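Number of protein chains: 4
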Amino acid sequence: MNKRKIINDPVYGFISISSDLLYDLVDHPYFQRLRRIKQLGLADVVYPGALHTRFHHALGAMHLMSQALKVLQEKGHSISESEFEAAQAAILLHDLGHGPFSHVLESVLLQHVAHESITLVMMKALNRQMDGRLDLAIQMFEGTYPRKFFHQMVSSQLDMDRMDYLNRDSFYTGVIEGSIGADRLIKMLDVSDDQLVVEEKGLLSIENFLHARRLMYWQVYLHKTLLSAQAMLTQILQRARELSESGTTLFATPDFARFLHNNFSLEDFDIHQDLLESFNGLDDNDVWASVKGWRTHPDPVLSTLCTMLLNRKLFKISFYDSPPDEALLADLRSQLTASGIAKEQTDYFLVKGETTNWAYAKELDPIRVKMKNGALLDIADASDIPTIKALTKIVRKYYVCWAKNVSLRG
Amino acid sequence: MNKRKIINDPVYGFISISSDLLYDLVDHPYFQRLRRIKQLGLADVVYPGALHTRFHHALGAMHLMSQALKVLQEKGHSISESEFEAAQAAILLHDLGHGPFSHVLESVLLQHVAHESITLVMMKALNRQMDGRLDLAIQMFEGTYPRKFFHQMVSSQLDMDRMDYLNRDSFYTGVIEGSIGADRLIKMLDVSDDQLVVEEKGLLSIENFLHARRLMYWQVYLHKTLLSAQAMLTQILQRARELSESGTTLFATPDFARFLHNNFSLEDFDIHQDLLESFNGLDDNDVWASVKGWRTHPDPVLSTLCTMLLNRKLFKISFYDSPPDEALLADLRSQLTASGIAKEQTDYFLVKGETTNWAYAKELDPIRVKMKNGALLDIADASDIPTIKALTKIVRKYYVCWAKNVSLRG
Amino acid sequence: MNKRKIINDPVYGFISISSDLLYDLVDHPYFQRLRRIKQLGLADVVYPGALHTRFHHALGAMHLMSQALKVLQEKGHSISESEFEAAQAAILLHDLGHGPFSHVLESVLLQHVAHESITLVMMKALNRQMDGRLDLAIQMFEGTYPRKFFHQMVSSQLDMDRMDYLNRDSFYTGVIEGSIGADRLIKMLDVSDDQLVVEEKGLLSIENFLHARRLMYWQVYLHKTLLSAQAMLTQILQRARELSESGTTLFATPDFARFLHNNFSLEDFDIHQDLLESFNGLDDNDVWASVKGWRTHPDPVLSTLCTMLLNRKLFKISFYDSPPDEALLADLRSQLTASGIAKEQTDYFLVKGETTNWAYAKELDPIRVKMKNGALLDIADASDIPTIKALTKIVRKYYVCWAKNVSLRG
Amino acid sequence: MNKRKIINDPVYGFISISSDLLYDLVDHPYFQRLRRIKQLGLADVVYPGALHTRFHHALGAMHLMSQALKVLQEKGHSISESEFEAAQAAILLHDLGHGPFSHVLESVLLQHVAHESITLVMMKALNRQMDGRLDLAIQMFEGTYPRKFFHQMVSSQLDMDRMDYLNRDSFYTGVIEGSIGADRLIKMLDVSDDQLVVEEKGLLSIENFLHARRLMYWQVYLHKTLLSAQAMLTQILQRARELSESGTTLFATPDFARFLHNNFSLEDFDIHQDLLESFNGLDDNDVWASVKGWRTHPDPVLSTLCTMLLNRKLFKISFYDSPPDEALLADLRSQLTASGIAKEQTDYFLVKGETTNWAYAKELDPIRVKMKNGALLDIADASDIPTIKALTKIVRKYYVCWAKNVSLRG
């Protein structure tokens with residue numbers, strides 16, 4: 056049987072699955088689950104087109120990986136067939152451990168387990184099922200493979216992950232100003248001393264990439280309305296967990312119920328052999344089905360929040376340059392109690408948060424530019440333009456969101 | 056409060072909500088529900104980008120409506136503000152009555168109620184809530200408004216519904232050959248004797264539109280793999296309903312359970328005041344959450360089918376020019392029993408069907424061309440090209456799909 | 056020196072020049088001349104964006120060639136490095152012999168020499184300068200290389216030439232309905248018995264390709280206004296040549312003057328060693344500079360026609376299904392004489408012509424489909440859709456164009 | 056006769072000509088001439104797709120103007136029909152005075168006349184021919200019309216001119232990172248105290264616009280290879296003029312010859328009634344036809360430079376942060392004389408220049424942001440991001456270009 060396959064992609068036209076191993080990975084239930092997890096979680100409350108999944112993103116990142124590796128080969132770098140395939144496998148699987156509405160879920164239901172850790176657990180499980188065919192991919196993913204640039208293409212400030220997600224998120228949201236010109240960026244990649252570098256003539260493209268990334272953060276990932284919806288979903292899950300812990304019966308799919316009733320650690324994935332399967336049973340549908348099931352729940356906090364989220368009656372949200380002072384919060388709390396919300400429950404309807412936008416993390420993980428004279432420079436030093444240096448600063452904003460004009464159900 | 060709003064759309068750039076009424080309609084829970092119903096149902100098993108919703112489609116169709124009405128105004132046809140708004144409202148709401156995976160659902164859970172009927176029930180309910188502000192829109196939707204072209208723009212072979220869905224489906228699937236050039240089509244529209252017509256110089260555009268539509272049918276809507284997945288979901292719901300009727304307990308969201316346990320008629324929507332609310336509680340998430348919940352159900356037929364669909368182990372499917380003969384089916388049935396499937400259960404794993412592609416339904420609803428000399432001709436007569444006439448033929452295909460290499464769970 | 060190069064292309068993103076030979080060809084004055092010859096001649100009188108050159112088209116066709124060859128390699132067909140390069144060179148050079156406004160020019164100034172013949176003369180001249188490095192490319196171009204599919208990719212009904220020009224012309228005119236989905240078409244190519252074939256699952260794509268091509272003919276290549284402008288330019292050159300032959304002095308660039316004063320045959324290119332250089336000196340600028348220079352020429356026919364074309368006062372044009380009868384022409388001629396045009400000069404202002412659109416030339420050069428059962432079928436037989444057969448008919452139209460409301464200069 | 060017209064545009068889809076006046080302007084020989092003047096002059100030496108004309112740009116800017124005016128109307132600003140038309144006319148005509156290869160030509164042949172002055176001369180001439188129908192448009196163009204925002208939409212740092220040219224240049228070069236999201240920008244425009252302002256929520260869009268503009272400068276308008284080609288064309292015209300002044304016969308179209316032999320001032324356009332017609336006779340074809348005619352001229356400087364430019368053998372070019380020192384130049388000059396170039400002629404083959412990129416000219420012409428609280432702020436003050444302030448600095452670069460490995464003709 057011929058396992059080669061071509062998949063339509065509105066972003067790149069076509070994506071080729073170019074080996075049996077890659078085909079088997081895509082075909083595996085662990086990967087198929089990603090079809091049911093949206094890349095941008097709740098972002099469609101703002102951008103109704105932003106419904107693309109982690110499945111499509113992972114395929115897209117694999118596509119860019121193969122483009123980039125071909126560019127490196129054309130520039131004379133030797134890359135073996137098994138390295139080529141392993142790098143594609145590593146990027147294909149890099150998001151395997153994401154749950155639905157990842158950041159929300161991690162902050163409530165899986166507080167002690169980072170999604171990267173679950174990704175690794177799943178990759179290792181796959182590797183066992185596949186008799187070690189993922190050994191090399193796992194080394195690249197973890198960064199233990201000696202040729203560092205493979206890891207950097209999987210995970211760094213210039214990796215195929217963010218190239219695809221910026222590209223794809225810009226495309227599906229319709230925020231075309233976020234377009235990064237991935238084609239050109241990839242043509243500018245090179246390798247020097249086993250490190251991923253950018254040719255000097257790619258300087259402008261990198262600058263544009265960093266600007267576009269910063270714009271996408273403010274315009275999409277940290278959009279006020281999205282933050283508000285995320286805060287609401289967090290409160291919903293928080294309340295559901297508390298009710299569940301206090302013995303109240305709650306509608307939930309079996310797998311989702313398991314996570315709602317427990318507080319698992321990473322070690323639990325070793326101890327309970329079937330926990331990984333339960334995790335693999337989770338996706339966006341569990342969350343939405345639960346929110347819908349709970350909208351008529353007797354608990355007025357839970358049912359009110361669920362009804363609001365479903366009907367897109369979102370919390371009002373304001374941004375501040377410094378942490379909001381207590382007087383402001385007290386005022387909002389008294390508005391809430393005036394609406395009939397019990398004092399001890401105002402925190403379900405009033406959320407503080409902070410958010411940061413760090414366009415270029417120079418120290419952590421520099422982007423290296425290979426100058427025409429052969430020197431390697433950090434991008435912020437290679438550019439004679441003050442804007443790049445400006446991007447190395449972290450921009451932090453504080454926000455408060457709360458239920459204006461709420462009327463409790465029940 | 057300013058209710059004007061602009062919504063990002065990867066297809067058209069931006070969509071404007073241009074009046075308070077339209078804003079209130081979009082904001083209503085009936086319309087917000089469409090955010091959770093994918094336009095193309097299961098089509099993402101073939102085209103992973105095809106995740107756009109009926110919400111976005113309805114907004115897009117409203118956008119095209121406003122473009123088309125402006126063109127008619129520029130050509131000298133008087134259209135009042137209230138007609139303009141009503142036509143936008145009518146197209147905005149035209150798909151309100153769709154359930155999740157509409158055709159699948161209608162064939163099992165709502166066998167006696169067409170989605171168009173529910174649309175009208177919902178529009179009338181909205182109209183009551185809005186004190187008659189939808190009177191005109193409902194007349195246009197039903198076709199009772201004297202100026203027929205408004206109805207034809209909402210529902211005909213050249214309506215804004217199909218212009219948007221062809222455009223949008225082509226965009227999100229990545230099947231760019233299906234692009235119809237909606238911009239140009241719309242510029243070619245005109246009105247003659249209160250009928251919607253096309254200018255003669257738009258002949259080529261219409262031909263292209265009909266060809267593109269036909270291509271989209273074969274390439275997308277009737278794609279083999281999609282038909283197979285739909286057949287599987289139908290069998291799953293069928294089995295679930297039977298189990299439910301025979302008293303077996305089944306996981307389901309409350310609203311979904313109500314439809315699973317009953318067989319409602321259109322009259323029931325009058326009798327049970329809350330049935331419409333239950334219907335409005337249904338969306339794609341119920342179906343997927345149920346399929347996931349059922350994949351470990353004790354019934355091996357149900358759990359096997361659910362596991363297969365979730366992991367994309369789809370039925371094999373073959374097309375035939377005539378109905379498949381009994382010998383073929385008998386052979387497939389014996390393959391199934393050889394796999395351990397009980398004789399009386401083979402029909403869950405073997406589905407026959409037929410499908411038709413009718414590119415241009417000349418008799419039912421002709422597309423009229425206004426020739427330069429003023430005459431109105433049917434497009435098939437206006438064109439000197441034999442291909443248009445060829446498109447008036449119905450192409451019918453038969454298919455059989457079955458579970459190859461199935462192994463029953465449990 | 057590194058001769059690898061990447062060229063920006065709005066249509067495909069980037070085009071790579073992937074070998075020294077290809078670089079040297081692109082760099083050669085014969086190829087650089089194509090920068091100054093528009094692909095669509097006068098089409099910008101209708102589509103102002105259609106200014107792309109034969110230079111860009113040739114690069115685009117080379118790009119598609121490399122894409123297609125990679126697809127064939129992935130399907131297991133062995134293609135050597137020198138075959139790969141030669142096929143790219145052959146398609147790169149396939150239009151070298153085009154003069155400015157090719158069909159117009161050929162009909163007046165180079166009546167006895169087809170542009171394909173000059174292409175071959177230039178390829179052979181290049182080959183001599185390059186010590187035989189083009190031997191293989193020339194065999195592929197001429198069709199003498201034993202593996203026929205290379206020639207078919209350069210010149211057939213499914214060649215890279217038309218894939219690029221349809222793609223590119225659709226893009227630059229803005230006639231997006233003409234988009235052919237070249238990506239998918241190319242993925243469907245295969246080779247069987249050294250013939251280029253299409254996989255059965257590409258059937259719909261081919262049908263769409265043929266429809267799109269037919270649409271582009273009517274909408275662009277045979278657009279009434281373009282035919283009218285071409286007729287005017289033909290009359291201008293005809294008049295200029297006659298004046299020149301009768302000894303009248305005419306402004307012209309030196310190279311253009313040489314062709315205006317002579318009537319060369321293909322043999323002349325052998326006899327006059329410098330004729331090829333003169334030909335290589337010709338481009339669109341000569342024609343426009345002359346038309347501008349002649350708009351104040353004492354000859355009223357010449358100056359009137361030139362002024363009209365420059366200011367886009369074009370002939371009126373009508374299409375007919377059969378040759379226009381003499382009464383009609385007589386009537387138009389009398390209108391012209393009534394405007395002050397001498398009887399013997401009416402033919403400069405009244406042009407008859409005919410034009411044909413043959414979407415699929417089945418007999419001449421069939422498109423072969425490789426069915427799943429291995430059989431090779433002609434596309435018109437493989438398709439069960441009557442429209443393809445319809446496309447094998449030649450559609451012929453007749454036209455008359457004439458100067459309505461002309462007022463002679465001088 | 057219906058003068059309404061729709062023109063295809065790959066950038067915006069369609070452009071409507073929406074009034075008789077606008078139709079007559081587009082139809083006028085002054086405007087039709089712009090069909091033959093490329094927007095980006097020689098830029099196709101780098102970006103072969105960049106062949107779009109000032110004709111198409113002017114139409115595109117008119118299209119954006121109508122979009123923007125409609126946005127202002129929807130926001131409640133009253134704009135009369137004649138203001139609407141006048142603003143469209145003003146932007147349509149704003150580039151009328153450009154000659155071919157404008158900056159090159161102005162630096163040699165029309166040293167004393169800015170293209171803006173000629174635009175005004177032509178607008179006034181048109182106004183006379185049209186009986187004052189352009190009075191209002193001319194006021195808007197000149198900035199004397201009391202409602203300042205009309206002038207600002209025609210000419211300011213946020214005018215429709217640069218929105219279209221950035222959009223269009225990005226599109227046709229294929230430098231997609233330069234995309235500015237004109238649609239969104241335009242939706243963010245507003246008017247406050249008769250000044251053009253941007254809504255606060257458009258802040259990110261403006262930042263992106265300024266970054267994109269800066270990128271387009273470095274990547275396109277000031278691309279090294281383009282500067283080199285421009286330097287060569289300047290030297291060619293310089294030499295041609297000197298030869299012409301010294302009595303040498305030179306091939307040239309009549310109109311071009313007139314400008315080559317004279318050094319006109321703005322006043323000459325008043326004195327010589329026919330000078331404007333001669334100017335209107337100039338376009339890109341004159342320059343290219345001359346360069347081609349001169350490539351065999353007896354003067355070795357002229358013929359060498361022309362041959363080099365035609366065959367794309369361009370000067371080598373280097374950038375410097377400070378003016379290049381004399382030692383460097385002396386070294387290059389001695390290389391040139393070693394190649395056989397006479398000492399007094401080295402300056403034809405060695406060009407110094409400087410170039411600046413000023414992304415945001417805050418002082419000259421601020422972009423005003425209307426904050427939610429109603430205050431008007433300069434964009435650099437409204438943004439809390441240091442990058443905007445960085446863009447107010449002028450970046451200046453120096454360059455030297457020279458003929459490496461030149462061999463003189465003749």
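Residue numbers (the numbering used here), protein chains in the order written: chain A, 56 to 465; chain R, 56 to 465; chain P, 56 to 465; chain Y, 56 to 465. Here a beta-carbon is modelled for each residue, glycine too, at the ideal position from N, C-alpha and C. Here the structure is a predicted model, which is why all the values come from computation and not from measurement.
- In the three-state DSSP reduction, residue 211 of chain Y falls in the coil class, being neither helix nor strand.
- What residue 139 of chain Y touches in chain R, judged by beta-carbon distance under 8 angstroms, is nothing: the nearest beta carbon there is about 14 angstroms away.
- At a Cβ-Cβ threshold of 7 angstroms, residue 239 of chain Y and residue 260 of chain Y count as neighbours.
- Within chain A, 308, 309 have C-beta atoms less than 8 angstroms from the C-beta of residue 348 of chain R, given in sequence order.
- Apart from the 5 residues on each side of it in sequence, residue 442 of chain A sits with its Cβ closer than 8 angstroms to the Cβ of 262, 266 in its chain, given in chain order.
- Two segments are said to touch when three or more pairs of C-beta atoms, one from each, lie closer than 8 angstroms; by this definition the stretch 152-163 of chain P does not touch the stretch 117-129 of chain P.
- If you check the CB distance, residue 307 of chain Y and residue 205 of chain Y do not come in under 7 angstroms.
- Counting C-beta atoms within 10 angstroms of its own C-beta, residue 107 of chain A has 16 or more neighbours from the protein chains shown and is therefore classed as buried.
- The beta carbon of residue 193 of chain P sits closer than 8 angstroms to those of 145, 175, 178, 179, 182, all from its chain and outside the five residues before and after it, given in chain order.
- Between the stretch 243-255 of chain P and the stretch 202-222 of chain P, the count of Cβ pairs shorter than 8 angstroms is three or higher; the stretches touch.
- Here residue 277 of chain Y really is in contact with residue 410 of chain Y; their C-beta atoms are around 5 angstroms apart, less than 8 angstroms.
- The Cβ of residue 154 of chain A sits no closer than 7 angstroms to any Cβ of chain R.
- Taking a C-beta distance under 7 angstroms as the contact criterion, residue 71 of chain P and residue 61 of chain P qualify as a contact pair.
- The Cβ atoms of residue 337 of chain A and residue 287 of chain A lie no closer than 7 angstroms to each other.
- Distance from the Cα of residue 140 of chain R is smallest, within the candidate group R:158, R:119, R:160, for R:119.
- In the structure shown, the three-state DSSP call for residue 200 of chain A is coil.
- Measuring C-alpha to C-alpha distances from residue 438 of chain P to each of R:376, R:417, R:298, R:403 identifies R:376 as the nearest.
- In this structure, DSSP gives residue 69 of chain A an extended state, which the three-state scheme calls strand.
- For residue 296 of chain Y, the uninterrupted alpha helix (DSSP H) run begins and ends at 279-300, by DSSP.
- The DSSP assignment places 381-393 as complete runs of the alpha helix (DSSP H) inside the stretch 356-400 of chain A, in order along the chain (cut-off: 4 residues).
- Under the Cβ distance rule, residue 236 of chain P counts among the residues neighbouring chain R, one pair being separated by less than 7 angstroms.
- Contact between residue 234 of chain P and residue 232 of chain R is confirmed by a C-beta separation of about 7 angstroms, below the 8 angstroms threshold.
- Neighbours of residue 273 of chain Y in chain A, taken as residues at a C-beta separation under 8 angstroms, are given in chain order as 259.
- From the listed residues A:299, A:65, A:147, A:117, the smallest Cα separation to residue 102 of chain R is found for A:65.
- With respect to residue 220 of chain P, residue 112 of chain P sits close: the two C-beta atoms are nearer than 7 angstroms.
- Using a CB distance below 8 angstroms, no part of the stretch 402-427 of chain P faces chain A.
- Nearest CB-CB separation between residue 118 of chain A and chain Y: not below the 7 angstroms threshold.
- Residue 433 of chain A carries a strand assignment under DSSP once its states are collapsed to helix, strand and coil.
- Cβ contact annotation for residue 406 of chain Y (same chain, cutoff 6 angstroms, sequence separation greater than five): 286, 456, in chain order.
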